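Here the sequence shown is numbered in this note's numbering, starting from 1207 and rising by one per residue. Read through the structure below, which is laid out as structure tokens, and then see the notes.
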Amino acid sequence: MDNDDTLCPCGSGKDFEQCCKKEYDALNMARAKLKAAMKDPIRAQELKKLLKEHK
Ligand SMILES: [Zn+2]
């Protein structure tokens, strides 16, 4: 059942690396950046402001 692990969870039937891996990586990177920014109080404030404006 190793093959199932490489299938993309979006249901396309494609290999994950050929399908949504880029988006997934981008999302992970965005999350990591957000996490890093939240450790910086000034940037965290800016982010909170930004998020509020987007709502
Ligand atoms: Zn996909």
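By construction, the Cβ of each residue, glycine as well, lies at the ideal position given by its N, Cα and C atoms. Every value quoted in this text rests on a predicted model; they were computed, and no experiment measured them.
For a quick check, are the C-beta atoms of residue i and residue j less than 8 Å apart?
i        : j        : result
Ala-1250 : Ala-1242 : no
Does DSSP put residue i in a helix, a strand or coil?
i        : result
Asp-1231 : helix
Ala-1211 : It should be noted that the sequence gives Asp, not Ala, for residue 1211. Three-state DSSP puts Asp-1211 in a helix.
Name the residue from the options whose alpha carbon lies nearest to the alpha carbon of residue i.
i        : options                                   : result
Leu-1257 : Asp-1246, Leu-1240 and Lys-1245           : Leu-1240
Arg-1237 : Glu-1223, Ile-1248, Gly-1217 and Leu-1253 : Leu-1253
Chain-ordered residues, beta carbon under 5 Å from a heavy atom of ligand 1:
Cys-1214, Cys-1216, Ser-1218, Cys-1225 and Cys-1226
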